[in-house]
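Okay, structure first, notes after.
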Amino acid sequence: MSAATLLLPLTESVPGLAAPCPMHPAVDEVGVELARWARGFGLETHPSAGFERMAGRAFADSGVDAVLLFAKWLTWLFHFDDEWDEKPAGRVAETVENAFARLARIAGPPAGSRPPGDDRFTPRSPVETAFADLWEATAGRMSPRWRRRFLAGLAAQGRACRAEAENRCAGRVPSPGEYPRLRRGTAGPYLFELVEPCLGVEVPARLRWNVTWRILVDACNDVTAWCNDVASHPKERANGDVHNYVTVAATAFGLSDGGAVAWVNRRIARRAGDLRAATGRLPALFDRFGLSAGQSRQIGRVAYAFLAAPRAQLEWLLESGRYDGRGLAAPEAVP
Numbered sequence: 281m282s283a284a285t286l287l288l289p290l291t292e293s294v295p296g297l298a299a300p301c302p303m304h305p306a307v308d309e310v311g312v313e314l315a316r317w318a319r320g321f322g323l324e325t326h327p328s329a330g331f332e333r334m335a336g337r338a339f340a341d342s343g344v345d346a347v348l349l350f351a352k353w354l355t356w357l358f359h360f361d362d363e364w365d366e367k368p369a370g371r372v373a374e375t376v377e378n379a380f381a382r383l384a385r386i387a388g389p390p391a392g393s394r395p396p397g398d399d400r401f402t403p404r405s406p407v408e409t410a411f412a413d414l415w416e417a418t419a420g421r422m423s424p425r426w427r428r429r430f431l432a433g434l435a436a437q438g439r440a441c442r443a444e445a446e447n448r449c450a451g452r453v454p455s456p457g458e459y460p461r462l463r464r465g466t467a468g469p470y471l472f473e474l475v476e477p478c479l480g481v482e483v484p485a486r487l488r489w490n491v492t493w494r495i496l497v498d499a500c501n502d503v504t505a506w507c508n509d510v511a512s513h514p515k516e517r518a519n520g521d522v523h524n525y526v527t528v529a530a531t532a533f534g535l536s537d538g539g540a541v542a543w544v545n546r547r548i549a550r551r552a553g554d555l556r557a558a559t560g561r562l563p564a565l566f567d568r569f570g571l572s573a574g575q576s577r578q579i580g581r582v583a584y585a586f587l588a589a590p591r592a593q594l595e596w597l598l599e600s601g602r603y604d605g606r607g608l609a610a611p612e613a614v615p
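For the sequence shown, counting from 1, position 163 maps to 443 in the numbering used here; every step adds exactly one.
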């Protein structure tokens, strides 16, 4: 049984997690193409991972290209994430820092402006080669401003993963106060920038940095990251990994596993409420910024993807073979 079943009580208390997501009709074709792409870059992915199904739910009403591009990025992100979560490199801060620096160079200056013979820009590993392919397919669709946003998110993840490595090495469990921001960084902030190129929409800078939009994006990040923590806790605990919200709660408050899961679930429910409330404020915000009806519809598609993401992820967590649910008690009531 998947540990993701411990998230099911949320479907009764969180409106955004209650209703099943529609699935993109071409999800099976996307899965075949995704597997071919991953094999081509040496990214060994178990068939039960089902990243195309998460993308197919998040972009159920979009074109096949949108689903496939996002599924590729998800596949890449989880392989990259496993470099730190499941291997000794995740405990060596300098190794983490160097890996992110190499990705930044690969995504940096255009090929024609790079010094000839400088292999610092040449992908070496399957993860780097796949990243270069995805960056080439994605960045050309977007403005320099968006590309800077993506790279800033990549740098933020690098800083968070370095801090995570230092904590792992020291055996230090983050406090409940510091963990949410740290987890938001390790989740990959750039993942939430990818909705725009997948949909062929770019959110104007003045809206992108508005507090309501920031809450929308950050709340989506938090809800999906914390749900992932509940589902992955048995696996990460078995690996001795202390960077998990369930572990953080259990350590800080002296809770059992079940009590810690219930505590995290309550935080998820509250943050999902922030996500829903921010979405409800968008029509008035669009009017205030003077967006046309067409612009509002296009940007609304981006917002809807954020609103749909938590339920899409929950369904994926329940059906994916990525996480093993052994060893975690049922959630207890927490006052």
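All residues carry an ideal CB built from backbone N, CA and C; glycine is no exception.
Of the residues A592, A445, R428, which one's Cα is nearest the Cα of E363?
Numbered from 1 along the sequence shown, position 83 holds the residue referred to as residue 363. Of the candidates A592, A445, R428, the one whose C-alpha sits nearest the C-alpha of E363 is A445.
Over what stretch of residues does the alpha helix (DSSP H) that includes M334 continue unbroken?
As a working mapping, residue 334 is identified with position 54 in the sequence shown. Taken as a continuous stretch (DSSP letters only), the alpha helix (DSSP H) holding M334 covers 331-338.
Under a three-way DSSP split, which group does R316 fall into?
One-based indexing of the sequence shown puts residue 316 at position 36. DSSP places R316 in helix when its eight states are reduced to three.
Below 8 Å on the Cβ atoms is my contact criterion, and I expect P406 with I386 to pass it. Report the Cβ-Cβ distance as a whole number of Å.
By one-based count along the sequence shown, residue 406 stands at place 126. By one-based count along the sequence shown, residue 386 stands at place 106. At roughly 13 Å, the Cβ-Cβ gap does not stay under 8 Å, so P406 and I386 are not in contact.
If you pair each beta-carbon of the segment 320-335 with each one of the segment 422-436, do three or more pairs fall below 8 Å?
no
Compare the C-alpha of S512 against each of D567, R442, R602, P424 and name the closest.
As a first step, residue 512 must be located in the sequence shown, where it is residue number 232. The shortest Cα separation from S512 among D567, R442, R602, P424 belongs to R602.
Excluding five sequence neighbours on each side, which residues of the same chain lie with their C-beta closer than 6 Å to the C-beta of A540?
Mapped onto the sequence shown, residue 540 falls at position 260. Counting only Cβ-Cβ distances below 6 Å, and skipping sequence neighbours, we find V526, A529, A530.
Select from W489, W426, W506 the residue whose C-alpha is nearest the C-alpha of Y459.
To locate residue 459, count along the sequence shown from 1; it is residue 179. Checked all of W489, W426, W506; the closest Cα to Y459 is W506.
Identify which residue in M334, A318, W317, C301 has its Cα closest to the Cα of L597.
Taking the first residue of the sequence shown as position 1, residue 597 is located at position 317. Considering only alpha carbons, the answer is M334.
Touch check for the segment 338-354 and the segment 301-310: three-plus C-beta pairs under 8 Å?
yes
Nearest by alpha-carbon distance to L348: which of P289, S423, L479, P300 is it?
For the purposes of this step, residue 348 is taken as residue 68 along the sequence shown, with counting starting at 1. Per the Cα distances, L479.
Of the residues F321, W356, G320, which one's Cα is nearest the Cα of E332?
To locate residue 332, count along the sequence shown from 1; it is residue 52. Considering only alpha carbons, the answer is W356.
Continuous alpha helix (DSSP H) stretch holding N447: start and end
Translated into the one-based positions of the sequence shown, residue 447 becomes position 167. N447 -> alpha helix (DSSP H) spans 424-450.
Which word fits C288, buried or exposed, when buried means at least 16 other C-beta atoms lie within 10 angstroms of its C-beta?
One-based indexing of the sequence shown puts residue 288 at position 8. According to the sequence provided, residue 288 is Leu. The question's Cys does not apply to it. Burial call: exposed.
Quick one: residues in its chain with C-beta nearer than 6 Å to the C-beta of A412, no 5 flanking neighbours on either side, listed in chain order?
For the purposes of this step, residue 412 is taken as residue 132 along the sequence shown, with counting starting at 1. The answer, listed in chain order, is I386, P403.
A485 - containing alpha helix (DSSP H), residue span:
Taking the sequence shown and counting its residues from 1, one reaches residue 485 at position 205. Here the alpha helix (DSSP H) through A485 covers 485-488.
Do L562 and T492 count as a contact pair if the criterion is CB distance below 8 Å?
Position 212 of the sequence shown, counting from 1, holds the residue named residue 492. Position 282 of the sequence shown, counting from 1, holds the residue named residue 562. Yes, Cβ-Cβ distance for T492 and L562 is below 8 Å.
Do C301 and E595 have their C-beta atoms within less than 8 Å of each other?
Counting from one through the sequence shown, the residue named residue 301 turns up at place 21. Counting from one through the sequence shown, the residue named residue 595 turns up at place 315. Closer than 8 Å, so yes.
Range covered by the alpha helix (DSSP H) that runs through S512
As a first step, residue 512 is located in the sequence shown; it is residue number 232 there, counting from the start. Its alpha helix (DSSP H) spans residues 491-518.
Please determine, among A450, R425, T375, the residue with the shortest C-alpha to C-alpha distance to W489.
Along the sequence shown, one-based indexing puts residue 489 at 209. Among A450, R425, T375, the Cα nearest to that of W489 is on R425.
What's the gap between the Cα of A410 and the Cα of P477?
The residue given as residue 410 occupies position 130 in the sequence shown. The residue given as residue 477 occupies position 197 in the sequence shown. The straight-line gap from Cα to Cα measures roughly 17 Å.
Could you tell me the boundaries of the alpha helix (DSSP H) in which Y525 lies?
In the sequence shown, counting from the first residue as 1, residue 525 sits at position 245. Residues 525-533.
Considering S293, what are the terminal residues of the alpha helix (DSSP H) in which it resides?
The residue labelled residue 293 in the question sits at position 13 within the sequence shown. It spans 290-293 - the alpha helix (DSSP H) in which S293 sits, taken as one unbroken run.
Identify, in the order they occur along the chain, each residue of the same chain with its Cβ nearer than 7 Å to the Cβ of F569, setting aside the five sequence neighbours on each side.
Here residue 569 refers to the residue found at position 289 when the sequence shown is read from its first residue. The answer, listed in chain order, is R486, L487.
Residues near A284 in its chain [Cβ-Cβ closer than 6 Å; skip 5 each side]:
Residue mapping note: residue 284 aligns to position 4 of the sequence shown, counting from 1. Hits under 6 Å: A511, L597, L598.
With distances taken Cα to Cα, identify the nearest neighbour of E552 among T291, G296, S282, E292.
As a first step, residue 552 must be located in the sequence shown, where it is residue number 272. Before going on, a small fix: residue 552 reads as Ala here, not Glu. Of the candidates T291, G296, S282, E292, the one whose C-alpha sits nearest the C-alpha of A552 is G296.
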